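K.L.:
Quick note: the sequence shown, position 91, residue 96 per our numbering, numbers continuous.
All C-beta atoms, glycine included, are put in the ideal place defined by N, C-alpha and C.
All of these numbers come straight from a predicted model, not from anything done at the bench.
Have a look at the structure that comes next, please.
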Amino acid sequence: MNAQSSPAIHPDKGWRIWWQLTRPHTLTAGFVPVILGTVLALGKTRIDLMLFAAMMVATLLIQAAANMFNEYYDFKRGLDNEHSVGIGGAIVRNDVKPKTVLHLALAFFGAAILFGAYICAESSWWIALIGSVCMLVAYLYTAGPFPISSTPLGELISGFFMGVIIILLSFFIQTKTITWPIVFVSIPIMILIGAIMLSNNIRDLDGDKANGRKTIAILLGRKGAIILLAVMFALSYLWMVGLVLFGVVTPWVLLVLVSAPKPVRAIKGFIGKSEPIQMLPAMKATAQTNTIFGLLLSISFLVDHFF
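Following this line, the structure appears as structure tokens:
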């Protein structure tokens, strides 16, 4: 997130400082894949609720930690100030020491490792290797000499790990197997999580460009990035229609079409806007698309299972 010309945002107070630091509006990208992966497992086995809870908590801890690393390293690089939109603001608006944010992120990682150890003990220790890679990617997304978020690969990598990998892990720890239909079902969630990242980069385009970043939004330009966002939305829905036509999934999944007005609202919200504060409704609609799409998809599989 970058410094912009938007009006200064008032600081939070009390517990809200720490709550906003986790960037709660982004956490839906964590819990939706866990729910979907677990629901998909319901057709093959009895769900272990303790494993489900551990997977959910570990995923949210890692994502919240990634947000805190983002807060810390963007501040260290001089990218955030009190005018920045979309950040927790603990450092630049609430006078929290940068090291406190970094240490809190590491503590969240430590807690996630404890939950991960339980998951491994109850499923497979191969999960430890995959989980370690996920945590490394979460850290390197904004840390290190070449942050992933500053490259054209940010959307693809975040979508793959938060979408495909988390769904497959949530399914595997319950069933001890992976099937191709589960991989296929995870693709639109990967795309929609990537869309959330793209919407961030569209909002931050001017500031990112000034700071030497090379995001896909910068390479395509604002108009091109909005077109790409629209294509990603369309592909997510068409993918599910295709899976139904090829008999991979139940027609119940077409319930996701109910969420279609959200991406339309998101695209309209970006068109003609240049100030970050003006794009917040569009970004909200983008995040809501992933949330509603994912929950409707989960509900469709529940309905098919029970009825």
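#1: Should Asp100 go down as buried or exposed, given a rule of 16 or more other Cβ atoms within 10 Å for buried?
#2: Please look up how many angstroms separate the CB atoms of Ser191 and Thr43, rounded, as I've assumed it's under 8 Å.
#3: Judging by CA-CA distance, which residue of Leu65, Arg21, Val188 is the nearest neighbour of Ala117?
#4: Applying the 10 Å Cβ sphere with the 16-neighbour rule, what's the burial state of Lys267?
#5: With 16 other CB atoms within 10 Å as the buried threshold, where does Pro186 fall?
#6: Give every residue of the same chain whose Cβ lies closer than 8 Å to the Cβ of Ile132, excluding the five residues on either side of it in the sequence, and list them in chain order.
#7: Could you round the C-beta distance between Asn295 and Val97 to whole angstroms and report it? I think they count as a contact, below 8 Å.
#8: In or out: Thr33 buried (at least 16 other Cβ within 10 Å) or exposed?
#9: Any idea if Phe251 is buried or exposed, counting beta-carbon neighbours within 10 angstroms, 16 or more meaning buried?
#10: Flag this pair as yes or no: are the beta carbons of Leu260 and Ile304 separated by less than 8 Å?
#11: Give every residue of the same chain whose Cβ lies closer than 7 Å to the Cβ of Ile223, excluding the five residues on either side of it in the sequence, and list them in chain order.
#12: Please tell me whether Met288 and Asn206 are closer than 8 Å, where the distance is taken between their beta carbons.
#13: Considering only C-alpha positions, which residue in the set Ser154, Arg51, Phe298 is nearest to Leu243?
#14: Grouping DSSP H, G and I as helix and E and B as strand, with all else coil, what is Asp209?
#15: At what residues does the alpha helix (DSSP H) containing Gly19 begin and finish?
#16: According to DSSP, simplified to helix, strand and coil, what is Lys49?
#17: Rounded to a whole number of angstroms, what is the C-alpha to C-alpha distance between Phe166 and Met202?
#18: Compare the C-alpha of Ser241 against each of Asn216, Ile194, Ala110, Lys104 and name the closest.
#19: Taking all protein chains shown into account, decide if Glu76 is buried (16 or more other Cβ within 10 angstroms of its Cβ) or exposed.
#20: When the Cα atoms are used, what is the spatial distance from Ala112 to Asn216?
#21: State the Cα-Cα distance for the pair Gly274 and Ala292, rounded to the nearest angstrom.
#22: Considering only C-alpha positions, which residue in the set Glu280, Arg28, Lys49 is nearest to Thr182?
#23: Within a Cβ cutoff of 6 Å, which residues of the same chain sit near Ser128, ignoring the five residues on either side of it in sequence?
#24: Is it buried or exposed, Met245, if we count other Cβ atoms within 10 angstroms and call 16 or more buried?
#25: So, under 8 Å CB-CB, Val236 and Phe189 are touching, yes? Tell me the CB distance rounded to an integer number of Å.
#26: What is the rounded straight-line gap between the Cα of Leu54 and the Cα of Ala95?
#27: Near Val169, what residues of its chain come up, given a Cβ to Cβ distance below 6 Å and the 5 sequence neighbours on each side ignored?
#28: With DSSP run on the structure shown, which of helix, strand or coil describes Met6?
#29: With 16 other CB atoms within 10 Å as the buried threshold, where does Pro281 fall?
#30: Using alpha carbons as the reference points, say which of Ile135, Ile22, Thr180 lies closest to Arg51.
#31: Where Lys208 and Met73 are concerned, what is the direct C-alpha to C-alpha distance, given to the nearest angstrom?
#32: Taking C-beta to C-beta, are Val39 and Ile171 nearer than 8 Å?
#33: Would you decide whether Val106 is buried or exposed? Buried here means 16 or more other CB atoms lie within 10 Å of its CB.
P.N.:
By the coordinates alone:
#1: Flag for Asp100 reads exposed.
#2: Contact flag wrong, Cβ pair sits at about 13 Å.
#3: Considering only alpha carbons, the answer is Leu65.
#4: Answer is buried; the Cβ neighbour count reaches 16.
#5: Classification of Pro186: exposed, given that the 10 Å Cβ count is below 16.
#6: So the qualifying residues of the chain are Gly121, Ile124, Cys125, Leu174, Phe177, Ile178.
#7: The beta-carbon separation of Asn295 and Val97, rounded to 27 Å, does not stay under the 8 Å limit for a contact.
#8: Classification for Thr33: buried.
#9: Per the 10 Å Cβ criterion, exposed.
#10: Contact: yes.
#11: Here the set comprises Leu210, Asp213, Lys214.
#12: Against a cut-off of 8 Å, the Cβ pair of Asn206 and Met288 comes out as no contact.
#13: Per the Cα distances, Phe298.
#14: In the displayed model, Asp209 falls within coil according to three-state DSSP, outside both helix and strand.
#15: Counting along the chain, Gly19 falls outside any alpha helix (DSSP H), and DSSP gives it neither H nor E.
#16: Lys49 sits in coil when the DSSP states are folded into three classes, being neither helix nor strand.
#17: Distance between Phe166 and Met202, taken at the CA atoms: about 13 Å.
#18: Taking only the C-alpha atoms, the option nearest Ser241 is Ile194.
#19: The residue is buried, with at least 16 neighbouring Cβ atoms inside 10 Å.
#20: Going by the C-alpha atoms only, they are around 30 Å apart.
#21: Our two residues, Gly274 and Ala292, have alpha carbons roughly 13 Å apart in a direct line.
#22: Closest option to Thr182, Cα to Cα, is Lys49.
#23: The beta carbon of Ser128 is closer than 6 Å to those of Ile178 in its chain, skipping five residues each way along the sequence.
#24: Counting the other Cβ atoms within 10 Å of the Cβ of Met245 gives 16 or more, which makes it buried.
#25: About 19 Å; that fails the 8 Å criterion.
#26: Straight-line Cα distance between these residues: approximately 34 Å.
#27: For Val169, the CB contacts under 6 Å within the same chain, skipping 5 residues up- and downstream, are Ser191, Met195 in chain order.
#28: The predicted model places Met6 with a pLDDT of 46, which falls under 50 and marks its position as unreliable, so this point remains unresolved.
#29: Answer is buried; the Cβ neighbour count reaches 16.
#30: Shortest Cα-Cα distance from Arg51 to any of Ile135, Ile22, Thr180 involves Thr180.
#31: As written in the sequence, residue 208 is Arg, which differs from the Lys given in the question. Arg208 and Met73 have their C-alpha atoms roughly 20 Å apart.
#32: Yes, Cβ-Cβ distance for Val39 and Ile171 is below 8 Å.
#33: By the neighbour-count rule (16 or more Cβ atoms within 10 Å), Val106 is buried.
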